[in-house]
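Undergrad: In full-length UniProt numbering, the protein residues as written are 1 to 260.
A virtual CB, placed ideally from N, CA and C, is assigned to each residue, including glycine.
So this is what it looks like as structure tokens:
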């Protein structure tokens with residue numbers, strides 16, 4: 001299903017996107033050396049409930065997971081990259097943490113992810129990976145607009161990731177979003193320009209470049225959810241929800257104080 005949102009829905013989508021971004025910003029500030037992943041999940045739950053919103057993850061039960069997910073946020077550390085199930089783990093200095101959050105409010109969902117390094121250490125490999133996903137995300141957003149194709153976005157993202165030297169997995173990527181978290185069209189993190197669905201104003205997309213340092217192969221944890229690099233290498237993931245507008249694309253998942 002591909003949804004095209006009306007102006008009233010787009011207004012609610014902006015509110016939801018700002019909520020997701022604000023929660024992620026707060027959680028990043030609280031995620032320090034000694035923080036437990038289960039505490040991050042509890043903080044996310046409290047903020048979602050306080051805002052009168054709903055988690056898109058608690059009851060999430062897709063075919064590829066061992067559902068329901070049962071938690072409020074995805075927490076992926078170091079070699080984990082997607083669908084990180086919160087568990088009893090205490091963050092250490094230099095850990096690379098990815099927080100992926102999807103929330104629904106007013107009948108519209110928004111989805112965003114950030115990767116950052118915990119503590120004072122700054123491993124160069126981790127810094128480079130995070131930077132590559134952020135640059136790829138910016139390139140994908142720049143390629144989006146009315147009349148553009150999904151393949152244009154995929155090509156823009158993939159070009160940045162490939163030039164940075166990272167293998168690209170095409171099993172999981174970006175997606176349409178609206179009244180539900182995951183919708184068509186699928187947005188691969190590499191592709192050919194000029195191909196695929198033509199973008200229209202009112203379409204919402206969650207774009208999410210992610211990489212693993214030296215492999216494109218994923219393995220699944222015994223928890224049935226957490227996806228890790230097959231080689232144990234580090235990973236990074238950046239994501240924004242955007243709305244296609246009459247003259248381009250608007251990022252919805254920006255923190256309140258940084259919105260234009």
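Answer yes or no: do residue 123 and residue 94 have a C-beta to C-beta separation smaller than 9 angstroms?
TA: Translated into positions along the chain shown, residue 123 becomes position 123. Translated into positions along the chain shown, residue 94 becomes position 94. Taking 9 angstroms as the Cβ cut-off, residue 123 and residue 94 qualify as a contacting pair.
Undergrad: Quick one: which unbroken beta strand (DSSP E) runs of 3-plus residues sit fully inside the region 75-116? Chain order, please.
TA: List check, beta strand (DSSP E) in window: 80-82 and 96-105.
Undergrad: Which whole-angstrom value describes the C-beta separation of residue 203 and residue 176, a residue pair presumed to lie in contact below a C-beta threshold of 8 angstroms?
TA: Taking the first residue of the chain shown as position 1, residue 203 is located at position 203. Taking the first residue of the chain shown as position 1, residue 176 is located at position 176. Residue 203 to residue 176, Cβ: 7 angstroms. Contact.
Undergrad: Can you tell me which of 107, 130 and 34 puts its alpha carbon nearest to the alpha carbon of residue 56?
TA: As a working mapping, residue 56 is identified with position 56 in the chain shown. Nearest C-alpha to residue 56: 107.
Undergrad: Quick one: using the 10 Å Cβ neighbour count with 16 as the cut-off for buried, is residue 174 buried or exposed?
TA: The residue labelled residue 174 in the question sits at position 174 within the chain shown. Per the 10 Å Cβ criterion, buried.
Undergrad: Does the beta-carbon distance from residue 39 to residue 30 come in below 9 angstroms?
TA: As a working note, residue 39 is residue 39 in the chain shown. As a working note, residue 30 is residue 30 in the chain shown. Contact: yes.
Undergrad: Do you know offhand how far residue 172's Cα is from residue 188's?
TA: Numbered from its first residue, the chain shown carries residue 172 at position 172. Numbered from its first residue, the chain shown carries residue 188 at position 188. Straight-line Cα distance between these residues: approximately 7 angstroms.
Undergrad: Beta carbon of residue 96, beta carbon of residue 112: below 9 angstroms?
TA: Working through the chain shown from its first residue, we reach residue 96 at position 96. Working through the chain shown from its first residue, we reach residue 112 at position 112. Cβ atoms of residue 96 and residue 112: not closer than 9 angstroms.
Undergrad: Given that a residue counts as buried once 16 or more other Cβ atoms are within 10 Å of its Cβ, and exposed if not, what is residue 44?
TA: Residue mapping note: residue 44 aligns to position 44 of the chain shown, counting from 1. So residue 44 counts as buried.
Undergrad: Could you name the residues of the same chain whose beta carbon sits closer than 6 angstroms to that of residue 17, not counting the 5 residues immediately before and after it, in chain order?
TA: For the purposes of this step, residue 17 is identified with residue 17 of the chain shown, where counting begins at 1. Closer than 6 angstroms at the Cβ level, and outside the excluded window around residue 17, lie 110, 241, 252 and 253.
Undergrad: Whole beta strand (DSSP E) runs in the region 165-240 with 3 or more residues, listed along the chain?
TA: Taking only runs of at least 3 residues, the beta strand (DSSP E) segments lying wholly in the region 165-240 are 174-176, 183-187, 204-207, 210-212, 218-220, 227-229 and 235-237.
Undergrad: What does residue 243 pair with, by DSSP beta-bridge criteria?
TA: By 1-based counting over the chain shown, the position of residue 243 is 243. DSSP output for residue 243 lists 204 and 250 as bridge partner(s).
Undergrad: I'd like the span of the alpha helix (DSSP H) that includes residue 126, first residue to last.
TA: Numbered from its first residue, the chain shown carries residue 126 at position 126. Residue 126 -> alpha helix (DSSP H) spans 124-143.
Undergrad: Of all the options 238, 70 and 4, which has the alpha carbon lying nearest to the alpha carbon of residue 54?
TA: Locating residue 54 in the chain shown gives position 54, where the first residue counts as 1. Checked all of 238, 70 and 4; the closest Cα to residue 54 is 70.
Undergrad: Hey, how far is the Cα of residue 35 from the Cα of residue 77?
TA: As a first step, residue 35 must be located in the chain shown, where it is residue number 35. As a first step, residue 77 must be located in the chain shown, where it is residue number 77. Each residue's Cα considered, the two are about 12 angstroms apart.
Undergrad: DSSP puts residue 149 in a beta bridge; with which residues?
TA: Locating residue 149 in the chain shown gives position 149, counting from the first residue. 198.
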